[in-house]
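J.:
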Amino acid sequence: MSEVTDKTVEFLLRHDPARPSPDLGSLVGNSFEVTHWRNAFDTFQQTERMKLWETKTALDSIDNAAYMAARDALFPLAVSGRQGASAFGNRAGHKLYETMEASGVWEHLREEWLSQKKGKRIGFVDVCGGPGAFSQALFAMSKGYKLKLRGFGMTLRGVEGLDWYSNLLSRDFLPTYGIDGTGDIFKLANIEALCSLTLTEHIKLVVADGGFNVPFDIANYQETISGRILFGQWLAALKLLRNGGCFILKLFDTFSPLLRSMLFLSTYLYKRVHVVKPRHSRVVNSERYLVCIGFTGVSPEWMEYFEKCYQDGFIDNDSIPTILPSTWVMEDEIFKNDLADMNATIASNQTVALEMVMAKLQTSPQAEN
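With positions in the sequence shown counted from 1, the corresponding number in the numbering used here is that position plus 962.
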């Protein structure tokens, strides 16, 4: 039986430089083809996706406590909460640290800092970030790079567990809840309010860790169920970043046309695009991080289209729009091959890890009783 271990894996995504940039202006007047999140997949890498889904589904009947005990015994870095944390007080901080180290984000930010006026602070925005695990880790990590940070954050107001950590609420970190006071990123006006708040800041980093719990029986669809919030965070970064900035977004699976299109477009908006599965991220799950380095700016024409996608395409939490013609993405062999390699590797590792957990459960004393 094959085995895997906890380790950081990193992938580079590229587009074919010989191909023209996507003509998004030609799409602005079109209506969106919208589908339910259950049906928002196609046949690309369907074999890998279905094998992974079948393996996950096979664990549906397993007692959750028994599953976690077997998982944590096999993959100790998967331990949840403070039990699996040290320097940053949370596992999320470790994952962010490993992601930034693997992709060279800190080195890039230091170069950006050195190129700007001496003494200026690097501005960052934590989108959908409450209670602030990423922000807490960024302040801790920045000391090692001798960087001064100024942070801003937006998260949902009044949701249990999302209130910002009290030690963040200082002159170096300013939270906001948007123009309507809710912190709801689904409202474009709240994103615009966040942009206004940071207008005079050197925003060189946006981090986004937003999401929500998905019921166990539909966990295979987490990628598309999360489509609206993922696109919202991705759009917010385009509005917030200054040229040369970086963006880190927590993702799940990346099989769907929506995520494929977002990753493809990212390669035109940033100088380098990585996907990182950090060592502290559970190999048994689909979590990974999009890391975009060196923001090159977005044209008014493209921004108009992205706003239209968000407001007219994602009409509710169940609807997933087609934001690019499939051929625009799939005819780029360089991007398609990079994406396929990343998807296949992470899915294979996850499948093997889940099979290891099942094997351990079957051979445990409890299974024999």
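The C-beta atom is built at its ideal place from N, Cα and C for all residues, glycine as well.
Predicted model only: the values in this text are computed from it and were never measured.
Considering only residues of the same chain and omitting the five flanking positions on each side of A1198, which have a CB-CB separation below 6 Å?
T.: Around A1198: V1089 and I1153.
J.: Quick one: complete alpha helix (DSSP H) runs, 4+ long, within the region 1070–1124?
T.: Counting only runs of 4 or more, we get 1095–1104.
J.: Thinking just about the alpha-carbon of each residue, which of E1185, I1165 and Q1184 is nearest to the one in L1200?
T.: For the residues E1185, I1165 and Q1184, the minimum Cα distance to L1200 belongs to I1165.
J.: Buried or exposed: Y1272, going by 16 or more other Cβ atoms within 10 Å of its Cβ?
T.: Label assigned to Y1272: buried.
J.: Inspect the beta-carbon positions of T1216 and L1227 and report whether they are closer than 9 Å.
T.: In this structure, L1227 does not lie closer than 9 Å to T1216 by Cβ.
J.: Can you give the beta carbon distance from L1220 to G1189, rounded, assuming they're within the 8 Å contact cut?
T.: With 8 Å as the limit, L1220 and G1189 qualify as a contact, their Cβ atoms being about 5 Å apart.
J.: Taking all protein chains shown into account, do 16 or more other C-beta atoms lie within 10 angstroms of the C-beta of N1331, making it buried, or fewer, making it exposed?
T.: Bear in mind that a pLDDT of 45 at N1331, under 50, signals an unreliable position, so the number given afterwards is only what the model happens to contain. With fewer than 16 Cβ atoms within 10 Å of its Cβ, N1331 is classed as exposed.
J.: Assuming Y1107 contacts V1319 under a Cβ cut-off of 8 Å, what Cβ separation, rounded to an integer in Å, is found between them?
T.: Their Cβ separation, rounded to whole angstroms, is 38 Å, which puts Y1107 and V1319 out of contact at 8 Å.
J.: Using only the heavy atoms of the ligand HEM, determine whether one of them is closer than 8 Å to the beta carbon of M1318.
T.: Only the bare structure without any ligand can be found here, which leaves the ligand HEM out of the picture.
J.: Who are the Cβ neighbours of W999 in its own chain at under 7 Å, not counting the five residues just before and after it?
T.: The residues are Y1183, T1186, I1187, G1189, D1280 and I1282.
J.: Given a cut-off of 9 Å, decide if L1213 and V1237 are closer than it, judged by their beta-carbon atoms.
T.: Cβ atoms of V1237 and L1213: closer than 9 Å.
J.: Once the 5 residues before and after D1022 are set aside, which same chain residues still bring their CB inside 8 Å of it?
T.: So the qualifying residues of the chain are F1178 and D1179.
J.: For the alpha helix (DSSP H) holding C1254, just list the boundary residues, first then last.
T.: First-last for C1254: R1250 to F1257, but that is the beta strand (DSSP E), not the alpha helix (DSSP H).
J.: When the Cα atoms are used, what is the spatial distance from N1129 to L989?
T.: Going from the Cα of N1129 to the Cα of L989 covers about 46 Å.
J.: Between the region 1067–1076 and the region 1258–1268, can you find at least three pairs of beta-carbon atoms closer than 8 Å?
T.: With a cut-off of 8 Å, the region 1067–1076 and the region 1258–1268 do not count as touching, because too few Cβ pairs lie within range.
J.: Check whether the region 1307–1325 touches the region 978–997, taking contact to mean three or more Cβ pairs, one atom from each stretch, closer than 8 Å.
T.: With a cut-off of 8 Å, the region 978–997 and the region 1307–1325 do not count as touching, because too few Cβ pairs lie within range.
J.: Need the endpoints of the beta strand (DSSP E) that V996 sits in, please.
T.: Per DSSP, V996 belongs to the beta strand (DSSP E) from V996 to H998.
J.: Tell me which residues share the same chain as K1013 and place their Cβ nearer than 7 Å to its Cβ, disregarding the 5 neighbours each side in the sequence.
T.: Only T1313 meet the Cβ criterion.
J.: Using the C-alpha atoms, what's the distance from D1134 back to S1288?
T.: Cα to Cα, the separation comes out at about 44 Å.
J.: Taking C-alpha atoms, which residue in F1297, R1250 and M1304 lies nearest to E1060?
T.: Taking only the C-alpha atoms, the option nearest E1060 is R1250.
J.: If you run the structure through DSSP and keep just helix, strand and coil, what is T1005?
T.: In this structure, T1005 counts as coil in the three-state DSSP scheme.
J.: So, using beta-carbon positions, are L1156 and I1210 closer together than 9 Å?
T.: Not closer than 9 Å, so no.
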